[in-house]
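Taken in sequence, the protein lines are chains G and P. Under this note's numbering, think of the first position of the first sequence as 1, with each following residue one higher. Under this note's numbering, think of the first position of the second sequence as 1001, with each following residue one higher. Quick reminder that beta carbons are idealized off the backbone N, C-alpha and C, glycines included.
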Amino acid sequence: MFELDVATRHIKSRRRQTLFSVIAVSLAVGIIIIFMSMMGGYTSILIDSTTENQAHITIMPKEDEDYIHLYHGLENHIYDLEGVEGVSSYFQGEAALQYKHNAEGVLLYGINPEDENRVVNRDKYMLAGEFTSIENPGSRIVLGYKLAKNLDVGMGDSVTAQIPGAEPIDFTITGIFQTGTPLDETMAFVNIERLQDLYRSGDVITGMGIRLSDPYASEDLANGIDRETGYDAISWMEQNAEILTLLETSEGMVYFFYIIIFGISGFGVANVLIMIVMEKMGEIGMLMAMGTSRRSIMLIFLLEAAILGMMGVAVGCILGYAASAAIASIVIPVPPEMYFGMDHLPIVIEFKNFISASVFAMVINIIAGVFPARRASKMDPVEAIYSV
Amino acid sequence: MSEKYIIQIKNLTKIFGDGVEIKALDDVGLNIEQGEFMAIMGPSGSGKSTLLNQIGILDTPTSGTILLDGVDVTKMSDKQRSVTRNKQLGFIFQYHHLLPDFNALENVMMPLLINGVKRSEARKTASKMLEEVGLGDRMKHRPNQLSGGQNQRVAIARALVNKPSIVIGDEPTGNLDSKASDNIYELLRRLNREHNQTFILVTHDKHMAAKTDRTIQLVDGKICEDSRNGNGD
Ligand SMILES: Nc1ncnc2c1ncn2[C@@H]1O[C@H](COP(=O)(O)OP(=O)(O)OP(=O)(O)O)[C@@H](O)[C@H]1O
Ligand SMILES: [Mg+2]
């Protein structure tokens, strides 16, 4: 392979141009790896916090029905399905909470705390008191910290619940939670049986939450439950379709950005190669006189593009890894609840990002090499030789 | 007997022109025997380089035929032309055109490597060739570490390393002083006698031309004189 010989010598003898194009490619690769790691970090944080904070599947009553009747059988059935880790039936209703002159509209959730904890770990978010304090059907309530603040109440205080069609009734605050979401302002939990009584609904529920071991299996399972039971089963993906679409769109935007970065580095490489081709005209003519085919001339310059690309990719991967690791180790100087409870920037360093950034860079580099290589191979040997 | 001619040129015409047409070669006919050592002379612009480039299949004629060893090269594909140039033709130009990033030995190896010869074998053949041109002690030197005459010797070794049947030189001593030119001519003459290769050299130097077997004069793209010099054996 004399083509490889000639290509490597050209690169070795053009130190400055080589350095320039390696820097261009490695910066592009490095920046893109950092970006991918950050995007991956934010995406996984967003999805993790979503799948942690809500049921993976929610079962709603059949169309034109308000309740799910005879839900105990359904509960058992769902529990037996593969991959189900927890099932929590709930009775949900709107109410107003009142304390002295303050009143706030809330969503009252009647649940069994033990079941609910298996679907969404509510214990984890408790600021004060115990979530399990509403285990028995008494007049105890657990509410969000913002709601508590708005009502100006604290632990042990008594709030009055106004439920449509029922006498006002007092609840004692036995727990305050903080999730870092808007629910902190609108949600309160009470015992399910207590709420069913207040609404005089009998033993029915308005919905059921399900947790799976694999959140990504929820779409399929939800469809299965839907078909099998006739109830309306909604996966978390369907429920958060907007966020997921937003993520996808921003990923698309980022790809556009990647193409621009790689395009710029590609121009850098093309530029260096065009310079080499112009400088080496006499040499190219002589190689042709010696019997080098046009194909081989083309190959020489494509190889140069590939070698420059590989050097850039190697440096870029190291750069990208080092920078991503460095960013991941930075401690954020803000209160953790502002960033989904994180104290570090979310960075996910994934092997596949290195592969795709490298392959992408190599492809762009070789495309960048095509123009100069074609130009070299199309030269008229006589003109090239006598150009010197 | 057409067989004894290594080069047969018939009615060769080359017209350059965008707009104004220039007839660089005008209906040239020329037969050259195997082993001839000949000079092409003529005023500037008379078509000497154009003729050499046609024989070297670096360019295509407007009309006419060129047979190298009985094969019409004007009908060859690009690929065949490359192969023929590699195996049957050796080129020496006024400027040495050595690859600056390779040393003398590597430069001389290049035609062999292009031909697909194994590296170890190419190295052996190339170093023998360099010794033959008197540069056995300069193999590892790069072109910028050698004198003009030495570089031209490396270029000669490169032109001859594939044992081509035809060697063409376009003013091969044009950049050298008269002493170095003499040496190069002596070398070419010796190689011609030892290997019986055909040499066609363009020169402006009457003194040099007189030492060849045969001299042709070109004027305005036509051969106006074709003389034997009586130096042959
Ligand atoms: N690529 C070209 N395009 C147009 N005209 C050309 C081209 N190459 C050569 N010519 C013309 O053809 C004629 C012959 O040129 P050529 O180079 O063969 O002359 P030459 O005998 O080698 O001259 P010199 O002794 O100066 O090297 C000249 O008139 C030249 O201008
Ligand atoms: Mg000339």
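At a cut-off of 8 Å, the C-beta of V272(G) has no neighbouring C-beta in chain P. K1014(P): member of the beta strand (DSSP E) spanning 1005-1016, first to last residue.
Only residues of its own chain outside the window of five on either side were considered, and among them G1090, F1091, I1092, V1167 have a CB closer than 6 Å to the CB of A1159(P), listed in chain order. The three-state reading of DSSP puts S329(G) in coil, since its state is none of H, G, I, E or B. The beta carbon of M290(G) sits closer than 8 Å to some beta carbon of chain P.
In the three-state DSSP reduction, D152(G) falls in the coil class, being neither helix nor strand. Bridge partners of N102(G) according to DSSP: Y99(G). Taking 8 Å as the cut-off, the Cβ atoms of E116(G) and R122(G) count as close.
Sequence-distant partners of N1011(P) (beyond 5 residues in either direction) whose C-beta falls short of 8 Å from its own C-beta, in its chain, are D1027, V1028, G1029, S1063, G1064, T1065. The shortest CA-to-CA distance from L19(G) to any of D226(G), T249(G), M288(G), G316(G) is the one to G316(G).
Interface annotation for the segment 349-370 of chain G against chain P: empty, criterion Cβ-Cβ distance under 8 Å.
Relative to the non-hydrogen atoms of ligand 1, the Cβ of S1046(P) comes within a distance shorter than 7 Å of at least one. The DSSP-derived three-state label of N191(G) is strand.
Nearest neighbour of A1122(P) by Cα position, chosen from E1131(P), L1112(P), L1130(P), turns out to be L1112(P). DSSP, reduced to helix, strand and coil, places M126(G) within a strand of the structure shown. Of the candidates L81(G), N76(G), Y67(G), S21(G), the residue whose Cα lies closest to the Cα of G93(G) is Y67(G).
Closer than 8 Å to the CB of V269(G) there is not a single CB belonging to chain P. With a threshold of 16 other beta carbon atoms within 10 Å, A24(G) meets it and is buried.
Fewer than three Cβ pairs drawn from the segment 231-251 of chain G and the segment 320-334 of chain G lie within less than 8 Å of each other, which leaves the two stretches out of contact. Distances taken from the Cβ of D1170(P) to the heavy atoms of ligand 2 include one shorter than 7 Å. The Cβ-Cβ distance between I32(G) and I261(G) falls below 8 Å. At a threshold of 7 Å, F1091(P) does not count as near ligand 1, since its beta carbon sits no closer than that to any of the ligand's heavy atoms. With fewer than 16 neighbouring CB atoms inside 10 Å of its own CB, R1190(P) falls in the exposed class. The DSSP assignment places complete alpha helix (DSSP H) segments of no fewer than 4 residues inside the segment 175-257 of chain G at 183-186, 192-199, 218-229, 236-239, in order along the chain. Contact annotation: the segment 357-371 of chain G does not touch the segment 51-58 of chain G, with fewer than three C-beta pairs closer than 8 Å.
Collapsing the DSSP output to three states places V120(G) in coil.
Secondary structure of K1128(P) (DSSP, three-state): helix. Less than 8 Å separates the beta-carbon of T1198(P) from that of E1036(P). Looking at the DSSP output, T160(G) bridges to Q98(G), D170(G). Going by C-alpha positions, L1187(P) is about 12 Å away from V1154(P). In this chain, the beta strand (DSSP E) harbouring F1091(P) covers 1089-1092.
Bridge partners of R9(G) according to DSSP: none are assigned. Relative to the non-hydrogen atoms of ligand 1, the Cβ of F301(G) never comes closer than 7 Å to any of them. Close to chain P, meaning a Cβ-Cβ distance shorter than 8 Å, are the following residues of the segment 2-32 of chain G: F2, D5, V6, R9, H10, K12, S13.
Under a criterion of Cβ atoms nearer than 7 Å, the residues of chain P adjacent to M286(G) are, in order, H1097.
Counting C-beta atoms within 10 angstroms of its own C-beta, G73(G) has fewer than 16 neighbours from the protein chains shown and is therefore classed as exposed.
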